[in-house]
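Residue numbers (the working numbering): 11 to 176. A short worksheet on the structure shown next.
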């Protein structure tokens, strides 16, 4: 295994890419809602949210990064566990959770013109959405470039604007 050092610029792009991959609408909506619901217990609620919403995911990324791959990390328990665990992770992240959610969430943001069949529009949208997703997945450097250089910084600017407006 070779371990090439990233330049500062590459590290920044990878960091912004990870941020934009993990940040979703729930990350913008849920923390203020939890703060409102916590009332006087806002500090313990914030500490718990920071631990579970930021700390644990970061520890997971660090653990996998130090082990090499998720398979390497899980094989420390047992080779059979590694196979089952990795399969369960891929199924949960892919076809059982993320794939249907990404398409349906994106589709719900559309404003369909009157007279268009909802079922046909959903099918056409899903096929086009996953065609673009497939093309990006086949070219990971394009994904890093898109997320790290365009989408991530735009997201950060929008978050600052929303917080500033509030």
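Yeah, the Cβ is synthetic: ideal placement off N, Cα and C, and Gly gets one too. These figures come from a predicted structure and were not determined experimentally.
- Contact between residue 138 and residue 146 does not hold, since the beta-carbon distance rounds to 13 Å and is not under 8 Å.
- The beta carbon of residue 125 is closer than 6 Å to none in its chain, skipping five residues each way along the sequence.
- About 6 Å separates the beta carbon of residue 55 from that of residue 44, a gap short enough to meet the 8 Å contact definition.
- In this structure, the straight-line span from the alpha carbon of residue 136 to that of residue 51 is close to 43 Å.
- If you draw a straight line from the Cα of residue 41 to the Cα of residue 109, it comes to about 25 Å.
- Between the alpha carbons of residue 71 and residue 156 lies a gap of roughly 21 Å.
- With respect to the 8 Å criterion, residue 113 and residue 91 are not classified as neighbours on the basis of their beta carbons.
- Per DSSP, residue 163 is one residue of the alpha helix (DSSP H) stretching across 162-175.
- With respect to residue 30, residue 162 sits close: the two C-beta atoms are nearer than 8 Å.
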